[in-house]
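Protein chains in written order, with the numbering used here: chain A, 2 to 93; chain X, 2 to 213.
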């Protein structure tokens, strides 16, 4: 059975989905990519916007979520920490 | 009583100080993981490395001070052994046993986390301290071996090697009453153990810690 994702893991998964989509993505793409319900996605997106890991941009009148340099840095840092804790056999 | 080669008394304190520096580095990353995850496992790992590093740092400083006092003729060997050095060794015993107990807590299932409290951790003298340290570390070594077998990554192997070599350090010191060489080998094992931790951190920092 797959382990439940922690909150921080979900936030990083969202950021990774946006990064994979070329740095900006629509909420529906994030919804499927991060495997979340609409309600939970909204909560997490609000938090990422609040912490300035994501920002809202408008392209051709459509709202997109764009990853900020702070968000990219967070993914890199998280990866390092994840690898270290993984080496000790504990998960984030 | 442990036999220490005369030429190694002094340089051995640098081994403790280097180990303390590496330990602080690992505790820094463990603290970062605790900040992210807020999990008890991460907290135990962070506090364990912080306690072990502090223990080695204090031991290193007191040993170096004793060596300098003896070599400069300020004090004789007996005085150095019986006063300031004793303080460093006591802190080291307490700090490392607490650290090993915290490492054991990281790997113990929640319902058994009370178990380390039943160990006679107040046994501070030689060789009791090494017995307790080995007992606690053997569990951590066992679990880190399991982790390495499951993950099959270089980083998990390095962590396993580190704990194993620190375990060897205590095992060799256990028998250091019989030979001076064992004291030297114990310290070689200790520094290699911490260098293994350092190499793991270095690999991750250079982004080479991919799962292979």
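Positions of the beta carbon are idealized from the N, C-alpha and C atoms, including for glycine.
Those residues which DSSP pairs with residue 67 of chain A across a bridge: Residue mapping note: residue 67 of chain A aligns to position 66 of the first chain, counting from 1. Answer is A:25, A:56.
Taking the alpha-carbon of residue 118 of chain X as reference, which of X:186, X:131, X:103 has the nearest alpha-carbon? Translated into the one-based positions of the second chain, residue 118 of chain X becomes position 117. Residue 118 of chain X has its Cα closest to that of X:103, out of X:186, X:131, X:103.
Spell out a yes or no on whether the region 166-177 of chain X and the region 189-199 of chain X are touching, meaning 3 or more CB-CB pairs, one atom from each, closer than 8 angstroms. Three or more Cβ pairs closer than 8 angstroms define a contact, and the region 166-177 of chain X meets that threshold against the region 189-199 of chain X.
May I ask you to report which of helix, strand or coil DSSP gives residue 168 of chain X? By one-based count along the second chain, residue 168 of chain X stands at place 167. Here residue 168 of chain X carries a helix assignment [DSSP, helix/strand/coil].
Given that residue 33 of chain X touches chain A, what residues does it touch there, using C-beta distances under 9 angstroms? Indexing the second chain from 1 puts residue 33 of chain X at position 32. Those within 9 angstroms of residue 33 of chain X in chain A are 78, 81, 82, 85.
Beta-carbon proximity list for residue 20 of chain A, same chain, < 6 angstroms, skipping 5 on both sides: As a first step, residue 20 of chain A is located in the first chain; it is residue number 19 there, counting from the start. Scanning its chain for C-beta atoms nearer than 6 angstroms, with the 5 sequence neighbours on each side dropped, one finds around residue 20 of chain A the residues 68, in chain order.
Less than 8 angstroms between the C-beta atoms of residue 56 of chain X and residue 100 of chain X, yes or no? Locating residue 56 of chain X in the second chain gives position 55, where the first residue counts as 1. Locating residue 100 of chain X in the second chain gives position 99, where the first residue counts as 1. Contact flag set, yes.
CB contact check: residue 91 of chain A to chain X, cutoff 8 angstroms: Taking the first chain and counting its residues from 1, the one referred to as residue 91 of chain A is at position 90. Yes, residue 91 of chain A lies at the interface with chain X (some Cβ there is under 8 angstroms from its Cβ).
Helix, strand or coil: how does DSSP classify residue 155 of chain X here? Looking up residue 155 of chain X in the second chain gives position 154. Residue state, collapsed to three classes: helix.
Count the other CB atoms within 10 Å of the CB of residue 60 of chain A; is the residue buried (16 or more) or exposed (fewer)? Reading the first chain from its first residue, position 59 is the one you call residue 60 of chain A. Counting Cβ neighbours within 10 Å, residue 60 of chain A comes out exposed, since fewer than 16 surround it.
For the alpha helix (DSSP H) containing residue 2 of chain X, list its first residue and its last residue. Residue mapping note: residue 2 of chain X aligns to position 1 of the second chain, counting from 1. Neither: residue 2 of chain X is in no alpha helix (DSSP H) and is coded neither H nor E.
For the alpha helix (DSSP H) containing residue 181 of chain X, list its first residue and its last residue. For this step, residue 181 of chain X is matched to residue 180 along the second chain. The continuous alpha helix (DSSP H) containing residue 181 of chain X extends over residues 181-206.
Please name the residue, chosen from X:108, X:111, X:112, X:133, that lies closest to residue 120 of chain X on a Cα-to-Cα basis. By one-based count along the second chain, residue 120 of chain X stands at place 119. When each option's Cα is compared against that of residue 120 of chain X, the closest is X:133.
Taking the straight line between their C-alpha atoms, what separation do you get for residue 153 of chain X and residue 70 of chain X? Along the second chain, one-based indexing puts residue 153 of chain X at 152. Along the second chain, one-based indexing puts residue 70 of chain X at 69. Taking the straight line joining both Cα atoms gives about 48 angstroms.
Give every residue of the same chain whose Cβ lies closer than 7 angstroms to the Cβ of residue 131 of chain X, excluding the five residues on either side of it in the sequence, and list them in chain order. Working through the second chain from its first residue, we reach residue 131 of chain X at position 130. So the qualifying residues of the chain are 171, 174, 175.
Do you know how far the Cα of residue 108 of chain X is from the Cα of residue 1 of chain X? Residue 1 of chain X is absent from the model: chain X starts at 2 and stops at 213.
Are the C-beta of residue 35 of chain A and some C-beta of chain X separated by less than 8 angstroms? In the first chain, counting from the first residue as 1, residue 35 of chain A sits at position 34. So, not an interface residue.
Beta-carbon contacts of residue 90 of chain A that lie in its chain and below 6 angstroms, excluding the five residues immediately before and after: Working through the first chain from its first residue, we reach residue 90 of chain A at position 89. Correct list: empty, nothing qualifies.
Whole angstroms are fine: how far does the CA of residue 15 of chain X sit from the CA of residue 155 of chain X? On the second chain, position 154 is the one that residue 155 of chain X refers to. On the second chain, position 14 is the one that residue 15 of chain X refers to. About 28 angstroms.
Would you mind listing the alpha helix (DSSP H) stretches within the region 11-75 of chain X that are 4+ residues and don't spill past its ends, in chain order? 12-38, 41-72
Which residue's Cα is closest to the Cα of residue 129 of chain X: X:94, X:62, X:36, X:87? To locate residue 129 of chain X, count along the second chain from 1; it is residue 128. Measuring from the Cα of residue 129 of chain X, the nearest candidate turns out to be X:94.
Run through DSSP, which three-state label would residue 93 of chain A get? In the first chain, counting from the first residue as 1, residue 93 of chain A sits at position 92. Here residue 93 of chain A sits in coil by DSSP.
Determine the direct distance from the alpha carbon of residue 15 of chain A to that of residue 22 of chain A, and round the result to whole angstroms. On the first chain, position 21 is the one that residue 22 of chain A refers to. On the first chain, position 14 is the one that residue 15 of chain A refers to. In a straight line, the C-alpha of residue 22 of chain A is about 11 angstroms away from that of residue 15 of chain A.
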